[in-house]
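Before any comments, here is the structure.
Residue numbers (my numbering): 595 to 718.
Written out as structure tokens, the structure is:
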């Protein structure tokens, strides 16, 4: 089963890290990711630009409205995600716990089973 692991944190804190803090955090995260990558179980990993770079399309009864910036105003923002192939939710939770140790500060990891849609193919 593919799982999306969504990484939330306070972007003001994360984007204020010094180069040394950023490099050290990335080294710890890469150490957590490497075994999965070597086993062929790690899919795309992405870090999102700050919410100030976002554009939101809000739909309703009328024509969609385009808004500069994020729609939600929250204390935590979605900063990135992993796509990982695990046999069970327990494996996804264990991996997320390792990410939490490697990544300093507060925040959370949302774990969701993932469906992949490819035109002309059955969803998996």
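Beta carbons are placed, not taken as given, at the ideal position from N, Cα and C, and that holds for glycine.
Here DSSP, grouped into helix, strand and coil, assigns residue 632 to helix. With respect to residue 679, residue 637 sits close: the two C-beta atoms are nearer than 8 Å. Residue pairing by DSSP places residue 679 opposite 596 in a beta bridge. The continuous beta strand (DSSP E) containing residue 650 extends over residues 649-652.
Of 654, 676, 699 and 700, the smallest CA-CA separation from residue 689 is found for 676. Here the C-alpha atom of residue 681 lies approximately 29 Å from the C-alpha atom of residue 670. Burial state of residue 695 is exposed, judged by a 10 Å Cβ sphere holding fewer than 16 other Cβ atoms. Taking a 10 Å sphere around the C-beta of residue 656, we find fewer than 16 other C-beta atoms and assign the residue as exposed. Ranked by how close their Cα comes to the Cα of residue 663, the residues 672, 649 and 654 have 649 in first place. The alpha-carbon of residue 691 is positioned some 17 Å away from that of residue 672.
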